[in-house]
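Participant: This is the structure, below, for whatever I ask next.
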Amino acid sequence: MKKYIPILLAATLLSFTACQKTEKPKTGDEHHAHAEGEEHAHDHEGHEHKEGEEEEEVELGEAQFRSAGISLGAIEKRALSGTIQVTGSLTMPPQQQISVSFPYGGIVRNTSLLPGKWVNKGEVLLTLENPEFITLQQDFLEAQAQLTYSEKEFRRQEELSRENVSAAKTFQRTSTDLAALKVRLDALRQKLALLHLQPASLEKGILRTIPVTAPASGYVTEVNINTGKAVQPNEMLAELADTRFLQAELNVFEKDIPKLKTGQKVDLQLAQTNRKATISLIGREISPERMVKVLCRLGGDSRELLPGTYCTATIETGAAQVNTLPETAVVRSGEKQYVFVSEGQHKEEGGVHYPFRRVEIKTGTSQNGFTEVFLPDGFDIPGSKLVLKGAYDLLSKMNNSEHGHSH
1 MKKYIPILLA ATLLSFTACQ KTEKPKTGDE HHAHAEGEEH AHDHEGHEHK
51 EGEEEEEVEL GEAQFRSAGI SLGAIEKRAL SGTIQVTGSL TMPPQQQISV
101 SFPYGGIVRN TSLLPGKWVN KGEVLLTLEN PEFITLQQDF LEAQAQLTYS
151 EKEFRRQEEL SRENVSAAKT FQRTSTDLAA LKVRLDALRQ KLALLHLQPA
201 SLEKGILRTI PVTAPASGYV TEVNINTGKA VQPNEMLAEL ADTRFLQAEL
251 NVFEKDIPKL KTGQKVDLQL AQTNRKATIS LIGREISPER MVKVLCRLGG
301 DSRELLPGTY CTATIETGAA QVNTLPETAV VRSGEKQYVF VSEGQHKEEG
351 GVHYPFRRVE IKTGTSQNGF TEVFLPDGFD IPGSKLVLKG AYDLLSKMNN
401 SEHGHSH
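Take a look at the structure:
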């Protein structure tokens with residue numbers, strides 16, 4: 001066994017030597033090419049990243065700065081009256097929508113109702129004829145006459161009872177009959193009231209037809225009758241709408257509701273006119289669209305307006321001290337709004353250069369040439385100089401630079 005050990009060692013050494021010869025070292029040129037390729041790959045990746053980024057800086061030369069008329073300034077606190085722009089429509093309160101009906105049925109004998117006609121409270125709208133009307137008046141007059149006789153008989157029996165001439169039983173029956181008659185007469189009087197008849201009016205005679213009067217003033221919006229038509233008790237005969245007191249029903253976003261309270265002033269813009277209104281009620285239900293109904297009471301007589309009319313509204317939310325800039329300082333690009341912040345100046349070959357940084361912002365109320373601005377967190381408001389005039393020139397140059405880089 002020992003004689004094979006030297007042979008195995010020799011074979012192992014030969015194999016190791018062969019491996020070293022096949023794995024050649026890289027030459028200087030090869031190493032340089034490899035490193036250069038890696039560096040090129042890294043540079044390419046970095047270049048693609050920069051192209052994907054949005055340019056946020058722009059620089060003007062001295063001549064460009066003067067030509068653009070750049071004016072710098074700071075953000076200022078100003079009192080702006082906040083407003084909310086919303087939409088809605090004119091509606092009628094339920095109490096201003098009146099259904100005309102009658103507790104008794106009958107035949108329509110006369111009517112002057114026409115859609116669009118204005119009627120006043122108490123005005124006769126139509127007349128109804130029904131034999132029950134005659135019977136009811138007859139019953140009342142008979143009961144009234146019987147009451148007079150019964151009261152006299154009661155007093156007579158009362159006197160006889162005191163003198164022990166009449167039996168107590170007879171007096172008791174007379175007293176009971178009188179009480180029952182009074183109850184019946186009172187019931188008949190209430191039925192006459194349902195017909196809008198006063199007992200005194202029956203002294204002139206029994207009426208064959210009964211007038212149906214307007215329960216309130218308003219425009220006739222619907223007519224369901226005609227002369228000769230038979231109507232049932234409590235059937236809807238007509239509809240009235242008192243449009244003198246319309247309200248505006250506005251749709252307000254949920255986020256704006258905390259800014260509202262009853263009594264706030266509202267400017268309504270309608271197709272042909274503008275009206276003043278006041279918030280009277282704020283809804284307590286949020287729709288699937290995240291909207292809340294807000295009701296506004298219109299000032300003055302609104303009878304010339306139509307329910308359902310579309311309107312836009314400006315709600316005044318009160319004045320507040322807010323950060324503002326001139327409207328010329330804010331520029332829009334796509335769906336975003338920006339301001340430009342000065343980065344100072346520096347000298348280079350060819351003159352002074354003025355760098356600017358673009359900052360995205362949000363805006364609020366605009367009034368008298370100034371706009372409320374909401375700046376990013378951490379923005380140095382006191383220490384920043386912003387472009388108040390010439391911002392669109394900077395935006396134009398920035399856009400041109402971006403297009404140039406893309407080519």
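In terms of UniProt numbering, the sequence shown has 386 at position 386, counting the first letter as 1, and numbering is strictly consecutive. All C-beta atoms, glycine included, are put in the ideal place defined by N, C-alpha and C.
1) Residues in the same chain with beta-carbon distance under 8 Å from N120, minus the five sequence neighbours each way, listed in chain order, please.
2) Would you list, in sequence order, the uninterrupted beta strand (DSSP E) runs of no fewer than 3 residues that lie entirely inside the region 319 to 369?
3) Can L181 be considered in contact with the ligand SAH, in the sense that its beta carbon sits closer than 7 Å to one or more heavy atoms?
4) Thinking C-alpha only, which one of G390, L147, K397, F379 is nearest I75?
5) In whole angstroms, give me the CA-to-CA distance for K204 and T111.
6) Contact between the region 119 to 134 and the region 260 to 272 is defined here as three or more beta-carbon pairs at a separation below 8 Å; is this criterion met?
7) For A271, which three-state DSSP category applies?
8) Check whether the Cβ atoms of residue 428 and V292 lie closer than 8 Å to each other.
9) Just to confirm before moving on: does the CB-CB distance between I361 and L240 stay below 8 Å?
10) Is there at least one Cβ from chain C nearer than 8 Å to E153's Cβ?
11) Short check: CB of T363 to CB of I84, under 8 Å?
12) Taking the beta strand (DSSP E) that A241 belongs to, which residues open and close that run?
13) Where do the ends of the alpha helix (DSSP H) carrying Y149 lie?
14) Return helix, strand or coil for K276, following the three-state DSSP convention.
15) Counting Cβ pairs, one atom from each stretch, are 3 or more of them under 8 Å apart for the region 223 to 236 and the region 205 to 212?
16) Between which two residues does the beta strand (DSSP E) harbouring T221 extend?
17) Among V387, I381, V373, L298, which residue has its Cα nearest to the Cα of R357?
18) Tell me the DSSP secondary structure of E48 in three-state form.
19) Going by CA-CA distance only, name the one from R284, T309, V58, Q264 that's closest to R297.
20) State buried or exposed for Y354, treating a residue as buried only when at least 16 other CB atoms are found within 10 Å of its CB.
21) Please report the straight-line C-alpha distance between Q146 and L181, rounded to a whole angstrom.
22) Between G46 and the rest of its own chain, which residues show a CB-CB distance below 7 Å, the 5 nearest in sequence each way excluded?
23) Please classify V322 as buried or exposed, where buried requires at least 16 other C-beta atoms within 10 Å of its C-beta.
24) Restricting to Cα atoms, I'd like to know which of E62, V58, Q337 is closest to F374.
25) Between the C-alpha atoms of L141 and T221, what's the straight-line distance to the nearest angstrom?
26) Select from L250, R244, I70 the residue whose C-alpha is nearest the C-alpha of G88.
27) Taking the straight line between their C-alpha atoms, what separation do you get for A313 and K276?
28) With respect to the alpha helix (DSSP H) encompassing K204, which residues constitute its N-terminal and C-terminal limits?
29) Please report the residue range of the alpha helix (DSSP H) in which A193 lies.
Facilitator: Based on what the coordinates show:
1) A214, S217
2) 331 to 333, 336 to 342, 346 to 348, 351 to 367
3) For the structure depicted, the ligand SAH is absent and the ligand set is empty, with no information on it obtainable.
4) F379
5) 24 Å
6) no
7) coil
8) Given that the chain is displayed from residue 1 to residue 407, the structure contains no residue 428 and the question cannot be resolved.
9) no
10) Given the protein chain composition of this structure (a single chain), no chain C is represented.
11) no
12) 238 to 241
13) 131 to 162
14) strand
15) no
16) 218 to 223
17) V387
18) With a pLDDT of 41 at E48, under the threshold of 50, the modelled position of this residue cannot be trusted; read the value that follows with caution. Reduced to three states, the DSSP call for E48 is helix.
19) Q264
20) buried
21) 8 Å
22) Here the model assigns G46 a pLDDT of 38, short of 50, so the residue's position is not dependable, and the following value carries that caveat. Same-chain partners within the cutoff: there are none.
23) buried
24) Q337
25) 39 Å
26) L250
27) 10 Å
28) Segment: none, K204 is in no alpha helix (DSSP H) and carries neither H nor E.
29) 168 to 194
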